[in-house]
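**Student:** Numbering of the sequence shown is given in our numbering, commencing with residue 136 and proceeding in unit increments.
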Amino acid sequence: MHVDVFTLIPESMQAYLDASILGKAQEAGLINVELHNIRDYTKDKHRTTDDVPYGGGGGMVMKPEPLFDAVHTVLGEAIAAVPVILLTPQGRLLTHAIAHQLASLPRLALICGRYEGIDERVRQHLATDEISIGDYVLTGGELPALVLIDAVARQINGVLGDAGATERDSHAAGLLEHPHYTRPATFQGWKVPEVLLSGDHARIARWRREQSLLRTLQRRPDMLQGTELTDDERSLLADASREDREP
Ligand code: ADE
């Protein structure tokens, strides 16, 4: 996959992209992230990327020309086939399902906003999609772009060493993950659950599924709406809900 990122502060993103799993994925040619500085596409002496808002009011607005120029120059003819995603708190909320769908595409373009806002014509006539990473406002779209790239990259075949890892993910199965433990078996007096030491794989799988269900019930009951459950699982959750309500 090739990802073109349009930003005013490419240096803020490079270190994260080069580190660890994303860095290795790029070295292996599984994903290629190219950072483009929007300022390189300005034409005036001062390399201006923002201006005062029409209608007055505080704050500055990102100008449309450098962004249109940058995206059209970099994408060229490909622009018709490549999603141009604007990172904005007004976008649709990023989910595992959206990341999964984007991971199947050969190329993406991401626009990171800065300042108070971005000229509406970018939204209307350049971006083809708008994505938010949560209901809070950041100072720019760079961290959201990194979040999106990370969530997408780890779903590309070969990026994670362990092929089953993405299927086991929290959210992939519509449930939160079960607890994890590693050695030592006892740490400061706290013991690893006995079942995990038993070597009985069927029992372990059952325990993990139960923990996953109970944890989801406790923390994100909304996620259980779309989950297929066996009769046993339904009664497990019903019992747990009852216990929760009892004083
Ligand atoms: N830019 C600023 N805040 C953002 C958010 N929550 N999601 C995506 N882009 C943003």
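C-beta: ideal position from N, C-alpha, C; glycine also.
#1: Does the distance from the C-beta atom of G361 to that of G309 stay below 8 Å?
#2: List the endpoints of the continuous beta strand (DSSP E) containing A298.
#3: The alpha helix (DSSP H) with R377 in it runs from where to where?
#4: On the DSSP letters alone, give me the boundaries of the beta strand (DSSP E) that P127 sits inside.
#5: Which whole runs of the alpha helix (DSSP H) in the stretch 153-185 are 4 residues long or more, in chain order?
#6: Verify whether the separation of the beta carbon atoms of G293 and E265 is less than 8 Å.
#7: Taking the alpha-carbon of S305 as reference, which of Q346, Y151 and R380 has the nearest alpha-carbon?
#8: Could you check how far apart the C-beta atoms of G248 and G276 are, in whole angstroms? I think they sit under 8 Å.
#9: Rounded to whole angstroms, what is the Cα-Cα separation between P145 and R377?
#10: Taking the C-alpha atoms as reference points, what is the distance between G164 and G158?
#11: Using DSSP bridges, identify the partner residues of A244.
#12: Do we get a CB-CB distance below 8 Å when we pair R355 with the residues of chain D?
#13: By the three-class DSSP mapping on this structure, what secondary structure does V327 have?
#14: State the Cα-Cα distance for the pair R355 and E302, rounded to the nearest angstrom.
#15: Using only the alpha-carbon positions, how far apart do A215 and R258 sit?
#16: Starting from D204, trace the alpha helix (DSSP H) in both directions and tell me its first and last residue.
#17: Considering only residues of the same chain and omitting the five flanking positions on each side of Y316, which have a CB-CB separation below 7 Å?
#18: Since I believe T184 is in contact with P201 (beta carbons under 8 Å), could you give me their beta-carbon distance rounded to a whole number of angstroms?
#19: What residue range does the alpha helix (DSSP H) around V285 cover?
#20: Please state whether the Cβ-Cβ distance between T263 and V219 is less than 8 Å.
#21: Report buried or exposed for V187, applying the criterion of at least 16 other Cβ atoms within 10 angstroms of its Cβ.
#22: Check each candidate in P382, I339 and R256 and name the one with the smallest Cα separation from V196.
#23: Cα-Cα, which of E312, A340 and R350 is closest to A379?
#24: Does the ligand ADE have a heavy atom nearer than 7 Å to the CB of S147?
#25: Is T301 a contact residue of the ligand ADE, with contact defined as CB to any heavy atom under 7 Å?
**Tutor:** On the basis of the supplied data:
#1: Position 226 of the sequence shown, counting from 1, holds the residue named residue 361. Position 174 of the sequence shown, counting from 1, holds the residue named residue 309. Yes; because the gap between Cβ atoms is below 8 Å, this pair is in contact.
#2: Against the sequence shown, residue 298 aligns to sequence position 163. Counting along the chain, A298 falls outside any beta strand (DSSP E), and DSSP gives it neither H nor E.
#3: The residue labelled residue 377 in the question sits at position 242 within the sequence shown. Where R377 is concerned, the enclosing alpha helix (DSSP H) stretches over D366 to R380.
#4: No answer is possible for residue 127: the residues shown for the chain start at 136 and end at 382.
#5: 155-162
#6: Indexing the sequence shown from 1 puts residue 293 at position 158. Indexing the sequence shown from 1 puts residue 265 at position 130. For G293 and E265, no; Cβs fall outside 8 Å.
#7: Within the sequence shown, numbered from 1, the residue matching residue 305 stands at position 170. Among Q346, Y151 and R380, the Cα nearest to that of S305 belongs to Q346.
#8: Residue mapping note: residue 248 aligns to position 113 of the sequence shown, counting from 1. Residue mapping note: residue 276 aligns to position 141 of the sequence shown, counting from 1. G248 to G276, Cβ: 5 Å. Contact.
#9: To locate residue 145, count along the sequence shown from 1; it is residue 10. To locate residue 377, count along the sequence shown from 1; it is residue 242. Spanning the two alpha carbons is a distance of roughly 52 Å.
#10: For the purposes of this step, residue 164 is taken as the residue at position 29 of the sequence shown. For the purposes of this step, residue 158 is taken as the residue at position 23 of the sequence shown. Between G164 and G158, the C-alpha separation is close to 10 Å.
#11: Walking along the sequence shown from the start, residue 244 turns up at place 109. Bridge partners of A244: D139 and V219.
#12: Chain labels in this structure do not include chain D; a single protein chain is all it has.
#13: What you label residue 327 is simply residue 192 of the sequence shown in a count that begins at 1. Note: V327 maps to coil in three-state DSSP.
#14: For this step, residue 355 is matched to residue 220 along the sequence shown. For this step, residue 302 is matched to residue 167 along the sequence shown. Looking at the two C-alpha atoms, the distance is approximately 19 Å.
#15: Taking the first residue of the sequence shown as position 1, residue 215 is located at position 80. Taking the first residue of the sequence shown as position 1, residue 258 is located at position 123. Spanning the two alpha carbons is a distance of roughly 16 Å.
#16: In the sequence shown, the residue the question calls residue 204 occupies position 69. Unbroken alpha helix (DSSP H) run through D204: P199 to L210.
#17: In the sequence shown, residue 316 corresponds to position 181, counting from 1. So the qualifying residues of the chain are V327 and L331.
#18: The residue given as residue 201 occupies position 66 in the sequence shown. The residue given as residue 184 occupies position 49 in the sequence shown. About 5 Å separates the two Cβ atoms, so the contact holds.
#19: The residue given as residue 285 occupies position 150 in the sequence shown. Here residue 285 is Asp; the residue named in the question, Val, does not match the sequence. Counting along the chain, the alpha helix (DSSP H) containing D285 begins and ends at E277 to A288.
#20: If you number the sequence shown from 1, residue 263 lands on position 128. If you number the sequence shown from 1, residue 219 lands on position 84. In this structure, V219 lies closer than 8 Å to T263 by Cβ.
#21: In the sequence shown, counting from the first residue as 1, residue 187 sits at position 52. Exposed.
#22: Here residue 196 refers to the residue found at position 61 of the sequence shown. Residue R256 is the option with its Cα nearest to V196.
#23: Position 244 of the sequence shown, counted from the start, is the residue given in the question as residue 379. Looking at the sequence itself, residue 379 is Asp, so the reference to Ala does not match. Ranking E312, A340 and R350 by Cα distance to D379 puts R350 first.
#24: As a working mapping, residue 147 is identified with position 12 in the sequence shown. S147: no, Cβ never under 7 Å from the ligand ADE.
#25: By one-based count along the sequence shown, residue 301 stands at place 166. For the ligand ADE, not one heavy atom lies less than 7 Å from the Cβ of T301.
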